[in-house]
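**Q** I'd like to ask you about the structure that follows.
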Amino acid sequence: MAGAFDPAAVDRFIGDRLLGGDPTIAAARAANQAAGLPPIDVPDPLGKLLMLLARAIGARHILEIGTLGGVSTIWLARGLTEDGDLVTLEIDRHHAEVARANLTAAGVSDRVDIRVGPARQHLQTMLEEGQGPFDLAFIDADKQSSIAYVEACSQLVRPGGLIVVDNVVREGAILDEGASDPRDAAIRELYGYVAAHPGLDATALQTVGAKKWDGFMLIEVSGRND
Ligand code: SAH
Ligand code: DHB
Ligand code: MG
597 MAGAFDPAAV DRFIGDRLLG GDPTIAAARA ANQAAGLPPI DVPDPLGKLL MLLARAIGAR
657 HILEIGTLGG VSTIWLARGL TEDGDLVTLE IDRHHAEVAR ANLTAAGVSD RVDIRVGPAR
717 QHLQTMLEEG QGPFDLAFID ADKQSSIAYV EACSQLVRPG GLIVVDNVVR EGAILDEGAS
777 DPRDAAIREL YGYVAAHPGL DATALQTVGA KKWDGFMLIE VSGRND
């Protein structure tokens, strides 16, 4: 017989059994809280999925948009090949400083380049300078810019590479055609954009757990233009 609907308890069970209590990530979360950062980093099961995806495709170059305190950055950096590197974009100087300390404590700072400023500007520069290609991109910043970020990443990520977009369910608010929150409206629009993009092949998965009902989109940059 099934138990009561208790996603948070199941998250704890998954954490206990499969994620093994991670002191590095726990320390980063504690430092974020002490520094007054919002607790909106990826939950550990998703963080570990990011690491496993990076490993599965042998990611050597990773791009992240939205660093916060670097919890997702640490997971992603752990998935890099030994000679790999990661660029992460963050608009908030304070967040970037907290992240820098967390990445140093996690022993991955030598592989991570935190670029402070509006992500759109950094992405523009990266495109102009022909930076990349990246094997994997993780988009987790201001939701209003999601289409712009996927558009940029579709050019910066190599064919066969992956783009992961966080927070694409938003407690179901994406179903609301007349969503008043511009973040909901932008994510709703993102689905149509990705579906119509000939070089992208995508799915989205809903998640429950310690956090609210949400989900992520997994996009392959197919390069097939079909
Ligand atoms: N990926 C992080 C959480 C990111 S929270 C983790 O899982 O640990 C979203 C972050 O995006 C915040 O730190 C916020 O300051 C940053 N952000 C918001 N707007 C941005 C913009 N225009 N450019 C770059 N970063 C932005
Ligand atoms: C919010 C942002 C996130 O990236 C997230 O994972 C959860 C919440 C927010 O802005 O509320
Ligand atoms: Mg997020």
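In the numbering used here, the protein residues as written are 597 to 822.
From the three backbone atoms N, C-alpha and C, an ideal C-beta is built for every residue, glycine too.
Please write down, chain order preserved, every residue whose beta carbon lies under 6 Å from a heavy atom of the ligand DHB.
**A** Result (chain order): 636, 736, 762, 763.
**Q** Is it the case that the Cβ atoms of residue 655 and residue 677 are separated by a distance below 8 Å?
**A** Sequence index remark: in the sequence shown, residue 655 carries index 59 (1-based). Sequence index remark: in the sequence shown, residue 677 carries index 81 (1-based). Cβ atoms of residue 655 and residue 677: closer than 8 Å.
**Q** May I ask you to verify whether the segment 728-738 touches the segment 619-633, counting CB pairs closer than 8 Å and requiring at least 3?
**A** The segment 728-738, when compared against the segment 619-633, does not touch it at the 8 Å Cβ threshold.
**Q** Could you say which of 768, 809, 770, 732 lies nearest to residue 752 if we only look at CA atoms?
**A** Residue mapping note: residue 752 aligns to position 156 of the sequence shown, counting from 1. Nearest of 768, 809, 770, 732 to residue 752, Cα basis: 732.
**Q** Name the DSSP beta bridge partners of residue 762, please?
**A** Taking the sequence shown and counting its residues from 1, one reaches residue 762 at position 166. In DSSP, residue 762 forms a bridge with 812.
**Q** Please look up how many angstroms separate the CB atoms of residue 707 and residue 652, rounded, as I've assumed it's under 8 Å.
**A** As a working note, residue 707 is residue 111 in the sequence shown. As a working note, residue 652 is residue 56 in the sequence shown. That pair is no contact at about 18 Å.
**Q** Taking the runs of the beta strand (DSSP E) that are 3 residues or longer, which of them lie wholly in the segment 707-767?
**A** Counting whole runs of 3 or more residues, the segment 707-767 contains the beta strand (DSSP E) stretches 708-712, 730-735, 753-762.
**Q** Let me check you understand the geometry: is the CB of residue 753 closer than 7 Å to at least one non-hydrogen atom of the ligand SAH?
**A** As a first step, residue 753 is located in the sequence shown; it is residue number 157 there, counting from the start. Checking the Cβ of residue 753 against the ligand SAH gives no.
**Q** How long is the line joining the alpha carbons of residue 621 and residue 629, rounded to whole angstroms?
**A** Working through the sequence shown from its first residue, we reach residue 621 at position 25. Working through the sequence shown from its first residue, we reach residue 629 at position 33. So the two alpha carbons sit approximately 12 Å from each other.
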